[in-house]
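Worksheet for the structure shown next.
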Ligand code: SAM
Ligand code: SF4
Ligand code: SF4
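Residue numbers (our numbering): 826 to 1196.
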C-alpha cells in the first residue's frame, strides 16, 4: 500500500518573512513607496476556491479534481484578517475589497464583514468596504451581506448571451442566476453596483454592445477589462486582447460618449458617460495602458502573504508574523517598511519592453491573490 505524504509546509510560493525594524515607528497614515505612491487600497483574498472555471483565470485543465487547494488551517482566520486590516488602516488604507477565488464561498463571510465594518480610519470615518463576486450565490446572500455592513459589490459578468456565458464560466452556470443576484444586491442597497466584463477577442467581444445596452439607464456601471496575462495557467496571448480603444470605438458607434475625470486618485478605470444621460461606463486597460504610476493597492493572499503587485512572483509572509506572537507595533512597523521599499510597476515595464511578451517567470494565480 502506498504511503500518503502530508507536506509540512505549503511551498507553492516562496515567501520571505518581513523584517521587523529596530526602531518601531508608529503608523502616520502617510506612507509612500519608492515611487511616491501612497497606500490606499487593500484587497483581501478570503478563499482560493471557486465554483466557476473561467478559462482566463482557473482553466479546467489545470484546476481539475487533482488540484490541491489550500487547507483550512493555512487560511487566515477572521481575527487575523481583521487585525491586519486594522494595522493597514492606520497606515492609510481607506478601501477594503474582499475577493478570491469566489469570496461568497468562504463560510460565514458575513461575520468577517461585520468585524471589518467596525474599523475606522484615523479620522474616524468608516471604510469603503466592498467585495468582488461572480454573483452565483448573490441572490441568496445579498441581504445578509448588507445587514453585516457591506457597502457595495462588484459583480463579474462576461456575457448576456446564455450560451456564451455558460462556455466562459465553463461549469454551465446560467446567466439568469447572476442577473438575479445583481437585482438582489440592488434591492439590498449594495450600490453603486459595478459590473466587470473581461473581454476576450473572439470569445465574448460580440457581447460588448449588448452588455452596454442592458446596463444603460440602470444606475449600474459596466466596466470592460482587457484580458490580462496574470498567472501562468491561462495560456494568455496578445491576439486575444481587445484593446480598450477598440471597445470604445464600438460603443461610440452606437452612442455618443463624453470623457469623465477620475473620481479618485489611483482609479483603474477610465470613465465615460453616455451623452444622452444613460449613465457611465469604464474601461480598464491593464495591458495597453499601464496605470502603475499611481497604483496604490496592496494584496493579501488567502494564507496571509502580502503582494505589492498583481504580477509579483512572491509575497511577504504576514501569517508567520501573526502566528509567531509579534506585537501590533512590530507588525505595523514591518508593514511600513515593506511599503516604503515597494518599487513594482510590472505593466509599465512590460509595455516599455515588448507589449506582446508575457514573461516566463512564475507568477501568482489570480484566484489565489484576488483581482
Ligand atoms: N470570483 C470573483 C469574481 O470573478 O468576481 C472574484 C475573484 S476574480 C479573480 C476578480 C476579478 O478578476 C474578476 O472580475 C475577473 O473577471 C478578473 N480576472 C480574472 N482573471 C483575469 C484575467 N486574466 N484578465 C483580466 N481580468 C481577470
Ligand atoms: Fe472564479 Fe472569479 Fe476566477 Fe472566474 S474569475 S474562475 S469566478 S475566481
Ligand atoms: Fe499596480 Fe502592479 Fe498592476 Fe502596475 S502592474 S498597476 S504596480 S498591480
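Heads up, the beta-carbon is just placed ideally off N, CA and C, and yes, glycines get one too.
For the region 857 to 872 and the region 1102 to 1112, state whether three or more C-beta atom pairs, one from each stretch, are separated by less than 8 Å.
Between the region 857 to 872 and the region 1102 to 1112 there are fewer than three C-beta pairs closer than 8 Å, too few to call the two in contact.
Neighbour-count burial assignment, residue 949, 16 or more Cβ in a 10 Å radius
Start at 1 with the first residue of the chain shown, and residue 949 comes out as number 124. Classification of residue 949: exposed, given that the 10 Å Cβ count is below 16.
Backbone secondary structure at residue 957 - three-state DSSP:
Looking up residue 957 in the chain shown gives position 132. In this structure, residue 957 counts as strand in the three-state DSSP scheme.
Through-space distance from residue 1011 to residue 990, alpha-carbon basis:
In the chain shown, the residue the question calls residue 990 occupies position 165. In the chain shown, the residue the question calls residue 1011 occupies position 186. Linking residue 990 to residue 1011 through their CA atoms gives a straight-line distance of about 22 Å.
In three-state terms, what does DSSP make of residue 929?
For the purposes of this step, residue 929 is taken as residue 104 along the chain shown, with counting starting at 1. Helix, per DSSP.
With a Cβ-Cβ cutoff of 8 Å, do residue 1042 and residue 1107 count as a contact?
Numbered from its first residue, the chain shown carries residue 1042 at position 217. Numbered from its first residue, the chain shown carries residue 1107 at position 282. It is not a contact, given that the beta carbons lie outside the stated cut-off.
So, at 8 Å on beta carbons, what are the nonlocal neighbours of residue 1082 in its own chain, with the 5 sequence-adjacent residues on each side left out?
For the purposes of this step, residue 1082 is identified with residue 257 of the chain shown, where counting begins at 1. Counting only Cβ-Cβ distances below 8 Å, and skipping sequence neighbours, we find 1073, 1076, 1097, 1098, 1099, 1100, 1106.
Going by DSSP, what residue range makes up the alpha helix (DSSP H) through residue 994?
Within the chain shown, the letter at position 169 stands for residue 994. Unbroken alpha helix (DSSP H) run through residue 994: 987 to 994.
Is any heavy atom of ligand 1 found at a distance shorter than 7 Å from the C-beta of residue 1113?
On the chain shown, residue 1113 is found 288 positions in, with the first residue counted as 1. The answer is no for residue 1113.
Strictly closer than 5 Å from CB to any heavy atom of ligand 2: give me those residues in the order they appear in the chain.
Taking each Cβ in turn, the ones that pass are 875, 877, 879, 882, 883, 959, 1192.
Quick check on residue 1042: does DSSP put it in helix, strand or coil?
The residue given as residue 1042 occupies position 217 in the chain shown. Collapsing the DSSP output to three states places residue 1042 in coil.
Selection from 894, 941, 877, 879 that minimises the alpha carbon distance to residue 907:
Along the chain shown, one-based indexing puts residue 907 at 82. Nearest of 894, 941, 877, 879 to residue 907, Cα basis: 941.
Only counting the same chain, and skipping five residues up and downstream in sequence, which positions put a Cβ closer than 7 Å to that of residue 1181?
Residue numbering aside, residue 1181 sits at position 356 when the chain shown is read from its first letter. Low local confidence applies: a pLDDT of 46 at residue 1181 is under 50, so the model's placement there is unreliable, and no value is given.
Which same chain residues end up closer than 6 Å to residue 1159 when comparing Cβ atoms and leaving out the 5 residues on each side of it in sequence?
Along the chain shown, one-based indexing puts residue 1159 at 334. Only residues of its own chain outside the window of five on either side were considered, and among them 843, 845 have a CB closer than 6 Å to the CB of residue 1159, listed in chain order.
Where do the ends of the alpha helix (DSSP H) carrying residue 1193 lie?
Here residue 1193 is taken as the residue at index 368 of the chain shown, counted from 1. Segment 1191 to 1194, the alpha helix (DSSP H) holding residue 1193.
Member of 1146, 1118, 1194 whose CA lies at the smallest distance from the CA of residue 1138:
The count along the chain shown starts at 1 and reaches residue 1138 at position 313. Looking at the Cα atoms, 1194 is the closest of the given residues.
Quick one: grab the DSSP three-state call for residue 1138.
Taking the first residue of the chain shown as position 1, residue 1138 is located at position 313. In the three-state reduction of the DSSP assignment, residue 1138 falls in the coil class, being assigned neither a helical nor a strand state.
What is the residue span of the beta strand (DSSP E) that residue 1095 lies within?
Along the chain shown, read from residue 1 onward, the residue named residue 1095 stands at position 270. 1095 to 1099 is the span of the beta strand (DSSP E), which, as asked, contains residue 1095.
To the nearest angstrom, report how far apart residue 1161 and residue 1121 are at their CA atoms.
Locating residue 1161 in the chain shown gives position 336, counting from the first residue. Locating residue 1121 in the chain shown gives position 296, counting from the first residue. One C-alpha to the other measures close to 14 Å.
Proximity test, residue 1052 beta-carbon vs ligand 1 heavy atom, cut-off 7 Å:
Against the chain shown, residue 1052 aligns to sequence position 227. Judged by the Cβ position, residue 1052 qualifies as a neighbour of ligand 1 at the 7 Å threshold, a heavy atom of the ligand being closer than this.
Run through the DSSP bridge pairs and tell me what residue 1019 is partnered with.
Along the chain shown, one-based indexing puts residue 1019 at 194. According to DSSP, residue 1019 shares a beta bridge with 979, 1046.
Own chain residues within Cβ distance below 6 Å of residue 959, not counting five before or after:
Residue numbering aside, residue 959 sits at position 134 when the chain shown is read from its first letter. Cβ neighbours of residue 959 beyond the five flanking positions: 877, 927, 981.
Is residue 1170 close to ligand 3? I mean its beta-carbon at under 7 Å from any heavy atom of the ligand.
Within the chain shown, the letter at position 345 stands for residue 1170. Yes, the beta carbon of residue 1170 sits closer than 7 Å to at least one heavy atom of ligand 3.
Are the Cβ atoms of residue 937 and residue 1127 separated by less than 8 Å?
Working through the chain shown from its first residue, we reach residue 937 at position 112. Working through the chain shown from its first residue, we reach residue 1127 at position 302. Contact annotation: residue 937 and residue 1127 have beta-carbon atoms that are not nearer than 8 Å.
Please state if the CB of residue 1169 and the CB of residue 1191 are separated by a distance shorter than 8 Å.
For the purposes of this step, residue 1191 is identified with residue 366 of the chain shown, where counting begins at 1. For the purposes of this step, residue 1169 is identified with residue 344 of the chain shown, where counting begins at 1. Taking C-beta atoms as the reference points, residue 1191 and residue 1169 fail to come closer than 8 Å.
Mind checking whether the beta-carbon of residue 1122 lies closer than 7 Å to any heavy atom of ligand 3?
Here residue 1122 refers to the residue found at position 297 when the chain shown is read from its first residue. Yes; taking the cut-off as 7 Å, the Cβ of residue 1122 has a heavy atom of ligand 3 nearer than that.
Opposite residue 870 in the DSSP bridges: which residues?
Stepping through the chain shown from its first residue, residue 870 is reached at position 45. Per the DSSP secondary-structure output, residue 870 pairs in a beta bridge with 924.
Ligand 1 and residue 928: does any heavy atom of the ligand fall closer than 7 Å to the residue's C-beta?
Stepping through the chain shown from its first residue, residue 928 is reached at position 103. At least one heavy atom of ligand 1 is nearer than 7 Å to the Cβ of residue 928, so yes.
Under 7 Å: does the beta carbon of residue 1135 sit that close to some heavy atom of ligand 3?
The residue labelled residue 1135 in the question sits at position 310 within the chain shown. Residue side-chain check: residue 1135 places its Cβ nearer than 7 Å to a non-hydrogen atom of ligand 3.
Three or more beta-carbon pairs under 8 Å between the region 1045 to 1059 and the region 1023 to 1033, yes or no?
Contact annotation: the region 1045 to 1059 touches the region 1023 to 1033, with at least three C-beta pairs closer than 8 Å.
Let me know the beta strand (DSSP E) ranges lying completely inside the region 1065 to 1127, each 3 residues or longer, listed in chain order.
Within the region 1065 to 1127, the complete beta strand (DSSP E) runs of at least 3 residues are 1082 to 1084, 1095 to 1099, 1105 to 1109, 1122 to 1125.
Quick check: does the Cβ of residue 1116 come within less than 7 Å of any heavy atom belonging to ligand 3?
In the chain shown, counting from the first residue as 1, residue 1116 sits at position 291. Under cutoff, so the answer is yes.
Do residue 1131 and residue 1147 come within 8 Å of each other at the CB atom, strictly closer than that value?
In the chain shown, counting from the first residue as 1, residue 1147 sits at position 322. In the chain shown, counting from the first residue as 1, residue 1131 sits at position 306. With a cutoff of 8 Å on beta-carbon distance, residue 1147 and residue 1131 are scored as not near each other.
Per DSSP, residue 951 is paired with what?
Start at 1 with the first residue of the chain shown, and residue 951 comes out as number 126. DSSP lists 945 as partners of residue 951.
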